[in-house]
Each structure stands twice: as structure tokens, then as C-alpha cells.
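Visitor: One structure, as C-alpha cells, below. Some questions next.
In our numbering, the protein residues as written are 4 to 200.
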């Protein structure tokens, strides 16, 4: 990590990247999904907590299970997307800290009995991991469309009935069809969204 990426890489990851609403009828195989996770998992999380969990919804049966939890505008595009990732978080992520964050032997104990700390850490860091998933997908030539327009409780009941995992947001994944894209929206300028103190 000693030099900047070239323009082509920056365009693929950020500058030309889009949120896709339509996808080509081209499947994503298991090997690609494994590669996607193997890449995104290296993104940093606080205390290497890695609370993010992903369910790749691909089969017709799983898509049907997801369908009833979607807001109306998200149904059609999700049903035709090759894969929809449920980005979730594990409320027991801290049980892995002894092996995943050995630098701090007491890390797991900080979370025991502290539900707000668990929830805040899990939600915040699984959101980061979902963003890493989007960037990893772009790096592998896969387009995406992230969504929060769904009923979390319904998704959790359908996919995580034991209550250990909780849904955060959804990402449709596939090889994009630009005919379904909205015109690209503007971005706020530096002086509105950032400052240097």
C-alpha cells in the first residue's frame, strides 16, 4: 500500500461505479461468492470484531422467502437480481474475540451483559463490512444495488429465527444492465461534507 491506484482502478471502484437496478441474466457462481467474501473480510473493524454475517439469497425459494419483506419499489429488481446479499450482524460476535483479537485478552468480557455496546458495535461494524462487500464486488467486476427498503423484523423471522443474527441492509449483486439506472446524482462538495481542523 505504498502507491496510489491507477485511474482505471479508481474509476471501477468509485468514480464510474453506479447503483444498479437492473442486471443481465447472468448467474454468479459459488466460487465467485467465495472470492467476494475472501476479499471483503480483510477490511478493518474495531477490535477486529468482524460482526458482519452474509446470507447470499440466490435460489427461487429463498428469493420468495425474501419477497414479502421488501418495500414495493424493491420487489421487482430484487426478484430478478442474480443474488441478493442480506448483510446482517451476529449479536454474539464477541465470543470470537479471543481468537480474532488476541492482542487484548479481556476483549470478550467487555461485551458480556452489555447489550447496548454489543448492538452499537455490531451494527456499526457490520455496516462497514457491507460497504467493503460493495467495494470488493466492484473490484471483482460485479455490480451492486444497496437497499434499506425492507422490513427487518420480517427478514429476521424468515432467515434468522434463532434471533442470534439481525439484518442490517440488503445488496443486490450481479452484472449490471445500465438501462435501469437513474441519472447519476450529484455529490456534496468538500466544504459541505468535510473540514480540516
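Just so you know, even glycine gets a beta-carbon here, dropped at the ideal spot from N, CA and C.
Bridge partners for residue 193 per DSSP, in chain order?
Guide: Position 190 of the chain shown holds residue 193. Answer is none; residue 193 lacks a bridge partner.
Visitor: Hey, quick one: how far does the beta strand (DSSP E) through residue 56 stretch, first residue to last?
Guide: By 1-based counting over the chain shown, the position of residue 56 is 53. Note, residue 56: beta strand (DSSP E), 55 to 60.
Visitor: Report yes if the CB atom of residue 157 is closer than 7 Å to the CB atom of residue 72, and no otherwise.
Guide: For the purposes of this step, residue 157 is taken as residue 154 along the chain shown, with counting starting at 1. For the purposes of this step, residue 72 is taken as residue 69 along the chain shown, with counting starting at 1. Cβ atoms of residue 157 and residue 72: closer than 7 Å.
Visitor: Taking a contact to mean a Cβ-Cβ separation below 7 Å, would you say residue 128 touches residue 48 in this structure?
Guide: Here the question's residue 128 lines up with position 125 in the chain shown. Here the question's residue 48 lines up with position 45 in the chain shown. In contact: residue 128 and residue 48 (Cβ atoms closer than 7 Å).
Visitor: Based on DSSP bridge pairs, tell me the residues matched to residue 89.
Guide: Residue numbering aside, residue 89 sits at position 86 when the chain shown is read from its first letter. In the DSSP secondary-structure assignment, residue 89 is bridged to 58, 173.
Visitor: Run through the DSSP bridge pairs and tell me what residue 73 is partnered with.
Guide: As a working note, residue 73 is residue 70 in the chain shown. According to DSSP, residue 73 bridges with 153.
Visitor: Give the straight-line distance between the Cα atoms of residue 133 and residue 81, rounded to the nearest whole angstrom.
Guide: Residue mapping note: residue 133 aligns to position 130 of the chain shown, counting from 1. Residue mapping note: residue 81 aligns to position 78 of the chain shown, counting from 1. Taking the straight line joining both Cα atoms gives about 17 Å.
Visitor: Would you please verify whether the beta carbon of residue 66 is less than 7 Å from any beta carbon of chain B?
Guide: Here there is only one protein chain, and chain B is not present.
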